[in-house]
Structures are given as C-alpha cells and as structure tokens.
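Participant: Here's a structure for you.
In this note's numbering, the protein residues as written are 1183 to 1530.
Set out below in structure tokens:
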C-alpha cells in the first residue's frame, strides 16, 4: 500500500513549469555566487535534467549546464566537471571561432578549468582560438581584448612561464590602459602583473600594478591580499600580516573558497618563516598545500609550487618531499604550454 504521505505530496506539489524551473536555475546561479557549492550543483542538475532534450530550450540548457560544470569543479568533482564542460563545448561547436558570435561563456570557463587542472596545453589551444575570435568580433572594443590577454597572463603565470605572462599582461595595459575601463580587462591583467613582478623581484613595477588594481571598484577586495604579496617580497612580514588581516576582515561573513584559503595560508606561512617561526610557517604552508589539493588536485602546478616553496624555506623537509616533487614534475611535462613564440600567437 502506497500510504497517505506520498499521495498528499502528489496532490499539493505545484506543477513543474518553465517559470518554476527558471527560478530554480536562477537560485542555482545565486548559490554559486554565494559559494553554496552543494546547493548550486543540486539545483543546476535539476534544471539541466528538465531542459535536456527539449526542443527550443538550448539556451536554457546551456545556462544550467554551465552552472552545473562550475559547481562540480568547485565541489572537486573534476571528472564530472570535465564531461559537463565538454558537452557544453560540443553544443557550441561550429558556432564560434570565425567571428560569427562572441566566444561563449562556457568555453571561457572551460579555459579557466583546464588552467586550474594544470592542463596548460589544452587551455592554450582554446585560448588561442578565443583570441582570434575576439579580434574578429570586437575589433574596436579594447576591453574585450584586454580580458583575453589577462587570461593569457594568468595561464602562463600559473604554468610558471613568467616572461610570457609578463608580455601578455604588459601588452594589455600598454594597449588598452587609457582606453578600457579599469573594471575588467586591464585590472585583471594588472592583478597578474603584481604576482609576476613580485616573483621576478621587480618590486616597483609590482607596486605600480597594484595601484592600477586599486582603481578598479570590482577588484578592490584583492588589494590588501596583493599588497601583502608585495610586502613579503620586500621582506616586511609584520606589515604583510596587517594587510592580510585587513583582507580577511573585508571578506568576513562570506564563505571562503579553497582558493582564498590557500592564498591566505601561503602568505601567513611565508611571513612566519621570515619572522623565524619555522613551526608556524610549516603549519600554514601545509594548510595551503591541502587547500590546493582540494581545489586543483594532488598533481597540479599549484601544489608543486607550494611543495617547492616549503622545501626552499624549510630544507629539513627536502627528503620528505623530493620524490613527490619529482613525480609531479614528470606528470606535468606533457601538459606544459608551448608558449607565445612556439605557438605563433600574434598579440594585438
């Protein structure tokens, strides 16, 4: 016997309509923004299942799938996210690339996903097509090109090709700094330049790039975190810790992502080492490694960089991490980007 409870639910449950499902899709996206990752994945999955295979609903289906893919990635379901992104890219196949339409947002999100997963060569191929398409679609709108160059700068910075990252970031600022709003492309390129210049020891240039980030209302929340990076590069750990505390307070009340947790732990750990507190430094760098493993996977470039940093700052850990570092390096070799010259990428 079925029982009365399911029968009551059947009688009182509202019918699933397009309007209801549009609300579900909207709630999924909202949950993604507020970092409610399981909720975002669940609701986006419901919406995607509703729209799948229905004639005339391609756009709604793509929107639901895009939210689902990003949510799966943030929930560390990387294989699921990859399959969802590939389905999305197949939907848009043949519809972009020759300037017919702007590069679809899911394709750009897939580029970020591939970069985060250290699949740099694939990301570079997609990004090269994105650059060509954007130049054809928006020849007179500089901010669009600045955004693409900023993504190139991010790709090469994460992959450790700092000169290529510097070239792309500088190109965006030089070409479009006076023409484009600092809200988007130029500000994004400046964010990448801060980190690149800090690693290269070009600290005056890093601080100049930081000023450019500060002129953007959209990215002002990154200023204190990036300031801490500059201060650590100058060997001023106490001032860096104050900047990090200001950054933490600015984001208080929000659910921190693993990305922000990794950045925070890395900078605090670096400051601790500079202050001579090896125990605290090791603790926070291990926290950064754990956060990056959750976000990017154990064999990612981000994890490799942090393991190398830990060994550099704490030589006693060299034997413990030597085998792991060598293994990850070998795995990443096949995914290295070819670089601007090898690919023949023609920057604007």
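Ideal Cβ placement from N, Cα and C applies to all residues, glycine included.
(1) Taking its Cβ as the centre, do 16 or more other Cβ atoms sit within 10 Å of residue 1189, making it buried, or is it exposed?
(2) Does DSSP put residue 1198 in a helix, in a strand, or in coil?
(3) Would you call the stretch 1295 to 1304 and the stretch 1250 to 1267 in contact, with 3 or more CB pairs under 8 angstroms?
(4) What's the call for residue 1333, buried or exposed, on a 16-neighbour Cβ count within 10 Å?
(5) Quick one: complete beta strand (DSSP E) runs, 3+ long, within the stretch 1388 to 1440?
(6) By how many angstroms is the C-alpha of residue 1503 removed from the C-alpha of residue 1213?
(7) Would you mind listing the alpha helix (DSSP H) stretches within the stretch 1225 to 1250 that are 4+ residues and don't spill past its ends, in chain order?
(8) In three-state DSSP terms, what is residue 1524?
(9) Could you say which of 1377, 1402, 1277 lies nearest to residue 1319 if we only look at CA atoms?
(10) For the stretch 1316 to 1330 against the stretch 1503 to 1516, are there 3 or more C-beta pairs whose distance is under 8 angstroms?
(11) State buried or exposed for residue 1346, treating a residue as buried only when at least 16 other CB atoms are found within 10 Å of its CB.
(12) Rounded to the nearest angstrom, what separates residue 1308 and residue 1429 at their Cα positions?
(13) Starting from the C-beta of residue 1460, find all residues in its chain whose C-beta is less than 7 angstroms away, skip the five residues before and the five after it, and write them out in chain order.
(14) If you scan the stretch 1244 to 1290 from start to end, which runs of the alpha helix (DSSP H) of 4 or more residues do you find wholly inside it?
Facilitator: According to the data block:
(1) Position 7 of the chain shown holds residue 1189. Note that residue 1189 scores 49 on pLDDT, short of 50, meaning its location in the model is unreliable; the coordinates nonetheless yield the value given after this. Its Cβ having fewer than 16 others within 10 Å, residue 1189 is exposed.
(2) The residue given as residue 1198 occupies position 16 in the chain shown. DSSP places residue 1198 in coil when its eight states are reduced to three.
(3) yes
(4) Sequence index remark: in the chain shown, residue 1333 carries index 151 (1-based). Residue 1333 is buried by the Cβ-count criterion.
(5) none
(6) As a working note, residue 1213 is residue 31 in the chain shown. As a working note, residue 1503 is residue 321 in the chain shown. Answer to the nearest angstrom: the Cα atoms are 38 angstroms apart.
(7) none
(8) The residue you call residue 1524 lines up with position 342 of the chain shown. Here residue 1524 sits in helix by DSSP.
(9) Looking up residue 1319 in the chain shown gives position 137. The shortest Cα separation from residue 1319 among 1377, 1402, 1277 belongs to 1277.
(10) no
(11) Position 164 of the chain shown, counted from the start, is the residue given in the question as residue 1346. So residue 1346 ends up on the buried side.
(12) Indexing the chain shown from 1 puts residue 1308 at position 126. Indexing the chain shown from 1 puts residue 1429 at position 247. One C-alpha to the other measures close to 34 angstroms.
(13) Translated into positions along the chain shown, residue 1460 becomes position 278. Within the same chain, residue 1460 has close Cβ partners 1496.
(14) 1260 to 1274
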